[in-house]
Amino acid sequence: MRIKDILSPDSMIMELKAKNKEDAIKEMADLEVATDIVNDEDAFIKSIWARENESTTGIGGGIAMPHARNKSINKARVLFAKSKEGIDYNSLDGQPVHLFFMITAPDGADNTHLQALAKLSGLLIDPDLVEALKNTKTPEEVIDLFEKAEAKKAKEAAKAQGTSDDDNKPLIVGVTACINGIAHTYMAQEALIKEGKKRGIEVRIETNGSEGVKDKLTPDEIKRAKGVIIASDKKVDMPRFDGKHLVNRPVVDGINKPGELIDDIMGGKADVYRASAQDKSTESSSTEKPGLWAGIYKNLMNGISHMLPFVIGGGILMAISFIVENYMGGAKTPAFIFLNNAGNLAFAFMVPVLAAYIAESIGDLPALMPGFVGGYMASIVNGQFQVNVQAHATSPAGFLGGIAAGFIAGYLMVGLKKVFAKLPRSVEGMKPMLFYPILGLLFIAAIMFYIINPIFSGINFAITHFLNGMGTGNLVLLTTILAGMMSIDMGGPFNKAAYVFASGAFANDPHSATAAILMAAVMVGGMVPPFATAIGTTFFKNKYTVEERRAGVSNWVLGFSFITEGAIPFAAADPGRVIPSCIIGSAVGGALVGLWHVGVPAPHGGLWVSPLAGNIGGPSHILFYFLATIIGSIVAGLIMSFWKKNVKEDPNE
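Numbered per my numbering, the sequence shown spans residues 89 to 741.
1) Count the other C-beta atoms from every protein chain shown that fall within 10 angstroms of the C-beta of F712, then say buried if there are 16 or more, exposed otherwise.
2) For F487, does the count of other Cβ atoms within 10 angstroms reach 16, so buried, or fall short, so exposed?
3) On the CB-based measure, 16 or more other CB atoms within 10 Å of its CB, does M518 come out buried or exposed?
4) Use the C-beta contact count for G342: other C-beta atoms within 10 angstroms, 16 or more gives buried, fewer gives exposed.
5) Restricting to runs no shorter than 4 residues, where is the alpha helix (DSSP H) found entirely within the region 93-126?
6) Ignore the nearest five residues each way along the sequence and tell me which others in L221's own chain have a CB closer than 7 Å to its CB.
7) Beta strand (DSSP E) containing N336: first to last residue?
8) Mind checking whether A620 and A724 have CB atoms under 8 Å apart?
9) If the criterion is Cβ atoms closer than 8 Å, does the pair A443 and G490 meet it?
10) Identify whether P194 lies in helix, strand or coil by the three-state DSSP scheme.
11) Work out the CA separation of L167 and Y177 for me, nearest whole Å.
12) Skipping 5 residues on each side, what residues in its chain have a beta carbon closer than 6 Å to that of S449?
13) Out of L217, R292, I125, point me to the one whose CA is closest to I94's CA.
14) Note down, in chain order, each residue of its chain lying with its Cβ closer than 6 Å to the Cβ of P618, except the 5 sequence neighbours on either side.
15) DSSP three-state label for N158, please.
16) Determine the direct distance from the alpha carbon of G498 to that of K240, and round the result to whole angstroms.
17) Between the Cα of R362 and those of K243, G331, N141, I260, spot the shortest distance and give me the residue it belongs to.
18) Whole angstroms are fine: how far does the CA of M354 sit from the CA of K314?
19) Go through its chain and collect everything with a Cβ distance to D253's Cβ below 8 Å, but skip five positions before and after it.
20) Across which residues does DSSP place L167 in a beta bridge pair?
21) Quick one: Cα of R139 to Cα of K109, how far?
22) In terms of alpha-carbon separation, which member of L683, S669, K510 lies closest to N562?
23) Just curious, the alpha helix (DSSP H) that V261 is in, first and last residue?
24) Just to confirm, are G546 and M501 a CB contact at a threshold of 8 Å?
25) I'd like the span of the alpha helix (DSSP H) that includes I491, first residue to last.
26) Identify whether T652 lies in helix, strand or coil by the three-state DSSP scheme.
27) Answer with buried or exposed for E173, where buried requires no fewer than 16 other C-beta atoms within 10 angstroms of its C-beta.
28) Going by CA-CA distance only, name the one from M574, G677, L453, I133 that's closest to P154.
29) Can you tell me where the beta strand (DSSP E) with I146 in it begins and where it stops?
30) Should F473 be labelled buried (16 or more other beta-carbon atoms within 10 Å of its own) or exposed?
31) Could you tell me the distance, in whole angstroms, from the CA atom of V399 to the CA atom of A407?
32) So is D352 buried or exposed if we call it buried at 16+ other beta carbons inside 10 Å?
33) Apart from the five residues just before and just after V301, which ones in its own chain have a Cβ nearer than 8 Å to its Cβ?
34) So, is P484 buried or exposed, given that buried needs 16 or more other C-beta atoms within 10 angstroms?
35) Buried or exposed for M611, going by 16 or more other Cβ atoms inside 10 Å?
36) Do G401 and V439 have their CB atoms nearer than 8 Å?
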């Protein structure tokens with residue numbers, strides 16, 4: 089199949105009307121539906137955003153390649169779209185995007201379609217083609233450019249096959265792979281090969297894309313290679329590279345930094361990979377091993393990301409049940425009983441899921457079950473089988489014990505893999521089916537029962553007792569710090585640390601007055617940045633660009649919903665003014681929450697859960713919750729706007 093078979097004049101937008109990322113995706117999706125490429129627009133857009141949330145498909149150089157493969161897609165197609173002015177797409181290089189290639193592939197797409205998509209991705213590495221595409225006026229010109237580029241590449245490939253001096257060139261081998269395996273995989277392959285040619289180096293790249301492994305490296309090639317480049321976002325077969333100089337980077341580095349990767353190999357900067365470091369683990373194959381904190385943070389975030397749906401879903405249903413209890417008939421109504429039980433059931437899985445996926449991040453799939461059981465044991469009292477969903481158990485290890493269980497189970501499995509690494513191949517199949525589950529369960533159960541639960545139950549009890557007994561002064565200090573942290577990186581490690589601390593306290597005891605205050609503080613702190621930018625763009629228009637003012641409108645809704653990320657484009661454009669302003673405003677809002685003892689017994693929801701907000705220990709005072717948010721947002725918005733300089737463009741444009 090040729091590229092012209094997946095390009096069509098009907099699937100081209102020669103000038104996008106959209107001015108931001110959200111509208112661009114929607115405009116392209118509308119055309120996909122209109123041309124019968126997509127049968128369910130909502131599901132399709134959700135899948136596009138799911139991919140964007142993993143990592144942006146704005147690959148740099150003015151190109152974005154949003155892509156999806158699912159049941160909502162009828163056939164493989166590449167939609168081409170242009171924007172003369174460029175659109176802020178959160179690209180890897182921070183530059184606006186002018187060319188869009190929305191790649192669609194149905195679940196049942198055959199290999200020929202996927203090969204054509206791979207070929208397209210490889211052609212876009214050519215800067216001359218990219219520049220020519222920016223100047224096209226008609227769909228026919230676009231197709232003609234790709235046909236010529238495809239023919240040129242075919243001639244180059246034929247010429248290369250006719251040469252015989254490759255054996256005399258230095259050889260570098262590698263593997264490229266991305267999560268979806270549609271575009272980035274092949275663009276990285278093409279970029280590395282092309283960069284190798286510039287340097288007189290032969291580069292052979294194996295791709296691990298949607299159609300499986302292609303151009304598989306042979307043992308002879310690996311043996312002859314000077315080194316190995318892994319540009320991958322998922323696990324690849326690593327032991328075959330044992331003893332070779334190797335660099336391991338994300339797939340985007342293969343696209344954007346091919347010269348740097350090749351130079352690391354040729355310059356002797358790459359370390360020698362040893363397969364025994366960890367059993368077939370992508371992380372272990374990295375020659376650039378992360379620091380201790382980076383590794384802990386990565387594994388912890390894997391557990392928390394899987395846990396949060398249970399916290400948020402269960403917490404919100406419990407919050408709604410409290411609204412029913414307070415305003416619609418009390419604790420005996422069927423609605424309260426149903427909603428409260430559903431929320432509690434979700435909470436019952438929270439700590440086990442946290443521990444399970446921390447363990448899985450460290451020790452792969454065999455560690456999942458021991459981690460889950462260890463997390464469950466952290467939720468109960470030794471000898472009892474009642475999950476501590478509402479702090480009825482007298483001494484559970486709780487949230488902290490669950491974290492410990494996850495790390496212990498993960499590294500326990502790593503150790504078991506090393507112990508059984510030299511078993512005869514005849515019993516290889518017994519390891520995952522017999523040895524790992526039995527010994528993993530036995531060891532984690534013993535460790536949790538005799539060591540972790542007794543220790544962490546005491547720690548957990550002491551922390552809970554300390555929080556519940558805090559005076560107003562200490563409470564104000566804590567809420568100020570937590571709320572301020574929410575604005576430091578707006579979704580990054582500081583933001584997550586503050587949220588996890590508060591949600592962990594809430595998870596340990598959903599009825600704790602202090603936990604409710606901490607949840608209110610982080611929500612106020614997280615709502616301030618989007619509200620502050622909305623205030624600034626509304627009342628100080630001369631300080632913001634047209635695009636920023638348009639984004640500011642949506643931040644009213646994002647702020648109301650506790651979605652801090654709405655302020656990220658503003659922070660990225662002017663971090664020196666926006667971030668400090670938001671930190672100050674969030675800290676002010678958090679201080680007021682602690683001073684007024686405003687609590688919200690829900691882990692998410694922003695101002696939508698304001699009916700639950702109250703002066704803990706007294707009657708409901710929704711007004712205090714609103715006031716803390718409004719005052720913090722106004723403080724941040726005023727500081728930010730007075731601090732910023734006037735923009736040069738016409739504010740009435």
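Even glycine gets a Cβ: it sits at the ideal position worked out from N, Cα and C.
Reading from the atomic positions:
1) As a working mapping, residue 712 is identified with position 624 in the sequence shown. Answer is buried; the Cβ neighbour count reaches 16.
2) For the purposes of this step, residue 487 is identified with residue 399 of the sequence shown, where counting begins at 1. Per the 10 Å Cβ criterion, buried.
3) Indexing the sequence shown from 1 puts residue 518 at position 430. Looking at its Cβ environment, which holds fewer than 16 other Cβ atoms inside 10 Å, M518 is exposed.
4) Here residue 342 corresponds to residue number 254 of the sequence shown, with the count starting at 1. It is buried - the Cβ of G342 has at least 16 other Cβ atoms within 10 Å.
5) List check, alpha helix (DSSP H) in window: 109-122.
6) Mapped onto the sequence shown, residue 221 falls at position 133. L187, V230, L233, listed in sequence order.
7) Residue 336 sits at position 248 when you count from the first residue of the sequence shown. Boundaries of the beta strand (DSSP E) harbouring N336: 334-337, taken from the DSSP string.
8) Translated into the one-based positions of the sequence shown, residue 620 becomes position 532. Translated into the one-based positions of the sequence shown, residue 724 becomes position 636. Yes; because the gap between Cβ atoms is below 8 Å, this pair is in contact.
9) Taking the sequence shown and counting its residues from 1, the one referred to as residue 443 is at position 355. Taking the sequence shown and counting its residues from 1, the one referred to as residue 490 is at position 402. Cβ atoms of A443 and G490: closer than 8 Å.
10) Within the sequence shown, the letter at position 106 stands for residue 194. Three-state result, P194: strand.
11) Stepping through the sequence shown from its first residue, residue 177 is reached at position 89. Stepping through the sequence shown from its first residue, residue 167 is reached at position 79. Cα-Cα distance, rounded: 17 Å.
12) What you label residue 449 is simply residue 361 of the sequence shown in a count that begins at 1. Take S449, set aside five residues on each side of it, and the residues of its chain with a beta-carbon closer than 6 Å to its own are N387, N390, in chain order.
13) Reading the sequence shown from its first residue, position 6 is the one you call residue 94. Considering only alpha carbons, the answer is I125.
14) Translated into positions along the sequence shown, residue 618 becomes position 530. Result list for P618: N643, L646, G647, G654, A655, in chain order.
15) Position 70 of the sequence shown, counted from the start, is the residue given in the question as residue 158. The answer is strand: DSSP assigns N158 an E or B state.
16) Here residue 240 corresponds to residue number 152 of the sequence shown, with the count starting at 1. Here residue 498 corresponds to residue number 410 of the sequence shown, with the count starting at 1. Taking the straight line joining both Cα atoms gives about 51 Å.
17) Translated into the one-based positions of the sequence shown, residue 362 becomes position 274. Out of K243, G331, N141, I260, G331 has the C-alpha closest to the C-alpha of R362.
18) For this step, residue 314 is matched to residue 226 along the sequence shown. For this step, residue 354 is matched to residue 266 along the sequence shown. For K314 and M354, the distance between alpha carbons rounds to 8 Å.
19) Residue 253 sits at position 165 when you count from the first residue of the sequence shown. Per-residue confidence for D253 stands at a pLDDT of 47, beneath the threshold of 50, marking its modelled position as unreliable; no derived number is given.
20) Reading the sequence shown from its first residue, position 79 is the one you call residue 167. L167 pairs with M190.
21) Taking the first residue of the sequence shown as position 1, residue 139 is located at position 51. Taking the first residue of the sequence shown as position 1, residue 109 is located at position 21. C-alpha separation (whole angstroms): 14 Å.
22) Within the sequence shown, the letter at position 474 stands for residue 562. The residue with the shortest Cα to Cα distance from N562 is L683.
23) For the purposes of this step, residue 261 is taken as the residue at position 173 of the sequence shown. It is not in any alpha helix (DSSP H) - V261 instead sits in the beta strand (DSSP E) that spans 259-265.
24) Looking up residue 546 in the sequence shown gives position 458. Looking up residue 501 in the sequence shown gives position 413. Their beta carbons are not under 8 Å apart, which means G546 does not touch M501 by this criterion.
25) One-based indexing of the sequence shown puts residue 491 at position 403. From DSSP, the alpha helix (DSSP H) with I491 extends over 486-507.
26) Position 564 of the sequence shown, counted from the start, is the residue given in the question as residue 652. DSSP places T652 in helix when its eight states are reduced to three.
27) Walking along the sequence shown from the start, residue 173 turns up at place 85. Of the other Cβ atoms in all chains shown, fewer than 16 fall within 10 Å of the Cβ of E173; this residue is therefore exposed.
28) As a working mapping, residue 154 is identified with position 66 in the sequence shown. Taking the Cα of P154 as reference, the smallest distance to any Cα among M574, G677, L453, I133 is reached at I133.
29) As a first step, residue 146 must be located in the sequence shown, where it is residue number 58. Per the sequence shown, residue 146 should be read as Gly rather than Ile. Per DSSP, the continuous beta strand (DSSP E) segment holding G146 begins and ends at 146-148.
30) In the sequence shown, residue 473 corresponds to position 385, counting from 1. Bear in mind that the predicted position of F473 carries a pLDDT of just 43, short of 50, making it unreliable; the figure below should be weighed with that in mind. Exposed is the call here.
31) Counting from 1 along the sequence shown, the entry for residue 399 is found at position 311. Counting from 1 along the sequence shown, the entry for residue 407 is found at position 319. Across the structure, V399 and A407 are spaced so that their CA atoms are roughly 11 Å apart.
32) Counting from one through the sequence shown, the residue named residue 352 turns up at place 264. By the 10 Å Cβ count, D352 comes out buried.
33) Locating residue 301 in the sequence shown gives position 213, counting from the first residue. Closer than 8 Å at the Cβ level, and outside the excluded window around V301, lie E294, T295.
34) As a first step, residue 484 must be located in the sequence shown, where it is residue number 396. P484 comes out buried.
35) In the sequence shown, residue 611 corresponds to position 523, counting from 1. Burial call: buried.
36) Reading the sequence shown from its first residue, position 313 is the one you call residue 401. Reading the sequence shown from its first residue, position 351 is the one you call residue 439. Not in contact: G401 and V439 (Cβ atoms no closer than 8 Å).
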